[in-house]
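J.: Under my numbering, the first residue of the sequence shown is numbered 87, with each subsequent residue one higher. No residue lacks a Cβ here, since even glycine has one placed at the ideal position from N, Cα and C.
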Amino acid sequence: MSTSTNEAARTVLRDNDRGGYTVPNGRVYPFQWNWDSAFVALGFDTFDRDRAWREIETLMMGQWEDGFVPHIIFWKEDDGYFPGPAVWDTHRTPMTSGITQPPVAASMLKRIWQSACLTGEQDVYSDRAKGLVEKLFQWHLWFARNRDFEGRGVVVAVHPWETGRDNSPEWDAPAAAVDTSQVGEYQRRDITHVDTKMRPTKADYDRFVALVQFGRGLNWDHAAIGATSPFRVADVGMSMMLLRANRDLRWLASELGLDDIATTLKDLIDRAVAGIDYLWDPALNAWCSRDTITGRFSGHITSTSFLSFYAGLHDQTRNEHSIAHLARIAAKTGYLVPSLDVDDPKFDLLRYWRGPVWSVVNYMIGQGLMEAGFVDWSERVRADTLRLIEVSGFYEAFSPVDGAPSGGDTFSWTAAIWLALQETGAA
Ligand code: GLC
Numbered sequence: 087m088s089t090s091t092n093e094a095a096r097t098v099l100r101d102n103d104r105g106g107y108t109v110p111n112g113r114v115y116p117f118q119w120n121w122d123s124a125f126v127a128l129g130f131d132t133f134d135r136d137r138a139w140r141e142i143e144t145l146m147m148g149q150w151e152d153g154f155v156p157h158i159i160f161w162k163e164d165d166g167y168f169p170g171p172a173v174w175d176t177h178r179t180p181m182t183s184g185i186t187q188p189p190v191a192a193s194m195l196k197r198i199w200q201s202a203c204l205t206g207e208q209d210v211y212s213d214r215a216k217g218l219v220e221k222l223f224q225w226h227l228w229f230a231r232n233r234d235f236e237g238r239g240v241v242v243a244v245h246p247w248e249t250g251r252d253n254s255p256e257w258d259a260p261a262a263a264v265d266t267s268q269v270g271e272y273q274r275r276d277i278t279h280v281d282t283k284m285r286p287t288k289a290d291y292d293r294f295v296a297l298v299q300f301g302r303g304l305n306w307d308h309a310a311i312g313a314t315s316p317f318r319v320a321d322v323g324m325s326m327m328l329l330r331a332n333r334d335l336r337w338l339a340s341e342l343g344l345d346d347i348a349t350t351l352k353d354l355i356d357r358a359v360a361g362i363d364y365l366w367d368p369a370l371n372a373w374c375s376r377d378t379i380t381g382r383f384s385g386h387i388t389s390t391s392f393l394s395f396y397a398g399l400h401d402q403t404r405n406e407h408s409i410a411h412l413a414r415i416a417a418k419t420g421y422l423v424p425s426l427d428v429d430d431p432k433f434d435l436l437r438y439w440r441g442p443v444w445s446v447v448n449y450m451i452g453q454g455l456m457e458a459g460f461v462d463w464s465e466r467v468r469a470d471t472l473r474l475i476e477v478s479g480f481y482e483a484f485s486p487v488d489g490a491p492s493g494g495d496t497f498s499w500t501a502a503i504w505l506a507l508q509e510t511g512a513a
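Given below as structure tokens:
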């Protein structure tokens, strides 16, 4: 089974390769997406190392001079997607969106660098690694300057799409405050490709569009947007991923002799470790996102609540609470880790980020659990991820109850995670 599935996974990546960058899925998402590309590099690394590096390099070609790395690079026009480049109106070459996405690229770069070292190819890749570390460092500094307005050591998203968990109920209350009265007419494209019951509602979409218009109205001045956006939510997922990515980037910088970068990153890590408490919800005994405008916790336990292990946080009591939540959820689902707690009233089997399992989030959760010594839980998450793909194929996401597919098929990052999990033998 696995050998032919491996070949099928490689075929997905080759078919979605547009020459130097990979589309998440040719029909629904015809451009280069930020965190998708980072995970895709792991997949390519198992059979075409140069191509893996190229994926992260093309992503960083979309970087702006202030360090920002966009969530989408529109390398070619495609009118099958809304909102396209004309709506974002960022005046960039290549054309890009104006918001970012979870900064996982440094962590994936660490992984492909280590894999190059294992086969004695560090000399072949060290210059490319240095170039990427410098660019990623600028991006991480951009986060500190523009997505942490109050200097808390967390990541404050200014659009639900920045979090990568576009339609999570964590954004429902904060987004409800966004004025949609001036949005006007627009035509969605997502619902022409994917079943509407899996996609966000019209009211949600209006808010997404209003926030794009807000950024455009400020001419994509990131500092101004970070300080004044009507949506400013400290995202637990991005905060944990950036903390991890800063640790991984610091490790890479030290390995490559970039000591000044390593020193600055240590300060950012210390600040995050000191500030991350802001996201511990004592009412739920869980890590949750929090609206920085109202100070309210989201009140939702999501798959990213379990990324504290991946971020390297070691508070024993909190770890115990987190594992107790995981065990409770595991007892009620066929497959870990649902994107929303199964006991949550908003739990929805197939709707985006309100229930389905994403293999990329599982990959990070599994890795963190392994490193924190929760080996059985890590194995369980890894085994569930593989089983989901075996049962349903390389779908975008899966129902945590019976593994039924959700979203688009032949998905690049799902294929990449399959290949990455074969290599490690552990999450
Ligand atoms: C959806 C997901 C986002 C992902 C994109 C492309 O918008 O929510 O995380 O990057 O699809 O796969």
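Three-state secondary structure (DSSP) at Gln118?
T.: strand
J.: For Ser267, name the three-state secondary structure that DSSP assigns.
T.: coil
J.: Hey, is Gly250 close to ligand 1, as in C-beta under 7 angstroms from one of its heavy atoms?
T.: yes
J.: Can you check DSSP and say which residues form a bridge with Leu426?
T.: Thr388
J.: My output table needs one value for Ser492: the three-state DSSP class, helix, strand or coil.
T.: strand
J.: Considering only the alpha carbon of each residue, which of His411, Phe317 and Asp164 lies closest to Leu370?
T.: For Leu370, the nearest C-alpha among the options comes from His411.
J.: According to DSSP, is Ile159 part of a helix, a strand, or is it coil?
T.: strand
J.: Go ahead and pull the three-state DSSP assignment for Asn111.
T.: When DSSP states are grouped into helix, strand and coil, Asn111 belongs to the strand group.
J.: Would you mind sorting Asp234 into buried or exposed? The rule is 16 or more other CB atoms within 10 Å of its CB.
T.: Per the 10 Å Cβ criterion, buried.
J.: Any heavy atom of ligand 1 closer than 7 angstroms to the beta-carbon of Glu306?
T.: The sequence shown places Trp at residue 306, not Glu. Trp306: no, Cβ never under 7 angstroms from ligand 1.
J.: Check the DSSP bridge columns for Ala320 and list the partner residues they point to.
T.: Its beta-bridge partners are Val242 and Arg376.
J.: Take Pro260 as the anchor and find which of Gly270, Gly250, Ala243 and Tyr272 has the nearest alpha-carbon.
T.: Ala243
J.: Which residues in the same chain as Gly511 place their Cβ atom closer than 7 angstroms to its Cβ, once the five residues preceding and following it in sequence are excluded?
T.: In this predicted model, Gly511 has a pLDDT of only 49, less than 50, meaning its place in the structure is not dependable; the value taken from the coordinates is given anyway. Taken in chain order, the list of residues that qualify is empty.
J.: Could you check if Gly494 is buried or exposed, using at least 16 other CB atoms within 10 Å of its CB as the buried criterion?
T.: buried
J.: Quick one: grab the DSSP three-state call for Thr182.
T.: strand
J.: With DSSP collapsed to three states, give me the class of Val443.
T.: strand
J.: Less than 7 angstroms between the CB of Gln187 and some heavy atom of ligand 1, yes or no?
T.: yes
J.: My assumption, with CB atoms under 8 angstroms, is that His245 sits in contact with Ile185. Please give the rounded CB distance.
T.: 5 angstroms
J.: Just to confirm, are Pro442 and Ser492 a CB contact at a threshold of 8 angstroms?
T.: With respect to the 8 angstroms criterion, Pro442 and Ser492 are classified as neighbours on the basis of their beta carbons.
J.: Where does Phe154 sit, in a helix, a strand or coil, going by DSSP?
T.: coil
J.: Check this for me: beta carbons of Asp175 and Thr496, under 8 angstroms apart or not?
T.: Cβ distance not < 8 angstroms, so Asp175 and Thr496 don't count as in contact.
J.: If we count the other Cβ atoms within 10 Å of its Cβ and call it buried at 16 or more, is Val461 buried or exposed?
T.: exposed
J.: According to the neighbour-count rule (16 or more other Cβ atoms, all chains shown, within 10 Å of its Cβ), is Ser123 buried or exposed?
T.: buried
J.: Can the beta-carbon of Leu335 be found less than 8 angstroms from the beta-carbon of Ala230?
T.: no
J.: Is Trp366 helix, strand or coil when you go by DSSP?
T.: In this structure, Trp366 counts as strand in the three-state DSSP scheme.
J.: Output yes or no for whether 8 angstroms exceeds the beta carbon distance between Phe154 and Pro171.
T.: no
J.: Assess, as a yes-or-no matter, whether the segment 301 to 308 is touched by the segment 429 to 436 under the definition of 3 or more beta carbon pairs within less than 8 angstroms.
T.: Contact between the segment 429 to 436 and the segment 301 to 308 is not established, with fewer than three Cβ pairs separated by less than 8 angstroms.
J.: For the alpha helix (DSSP H) that Tyr291 lies in, which residues bound it at each end?
T.: Lys288 to Gly303
J.: Please classify Asp134: does DSSP put it in a helix, a strand, or coil?
T.: coil
J.: Can you list, in chain order, the residues of its chain whose CB lies under 8 angstroms from that of Asp525, leaving out five sequence neighbours each side?
T.: Residue 525 is absent from the model: the chain starts at 87 and stops at 513.
J.: For Gln508 and Ala289, what's the separation of their Cα atoms in angstroms?
T.: 41 angstroms
J.: Going by the beta-carbon positions, is the gap between His226 and Leu354 smaller than 8 angstroms?
T.: Leu354 sits close to His226, with the two beta carbons spaced by under 8 angstroms.
J.: CA-CA distance, Arg318 and Asp209?
T.: 43 angstroms
J.: Select from Ala310, Ile475, Gly106 and Gln273 the residue whose C-alpha is nearest the C-alpha of Leu422.
T.: Ile475
J.: Flag this pair as yes or no: are the beta carbons of Pro189 and Met327 separated by less than 8 angstroms?
T.: yes
J.: Using DSSP with H/G/I as helix, E/B as strand and the rest coil, what is Met87?
T.: Here Met87 scores only 48 on pLDDT, less than 50, and its place in the model should not be relied on; the value that follows carries that caveat. DSSP places Met87 in coil when its eight states are reduced to three.
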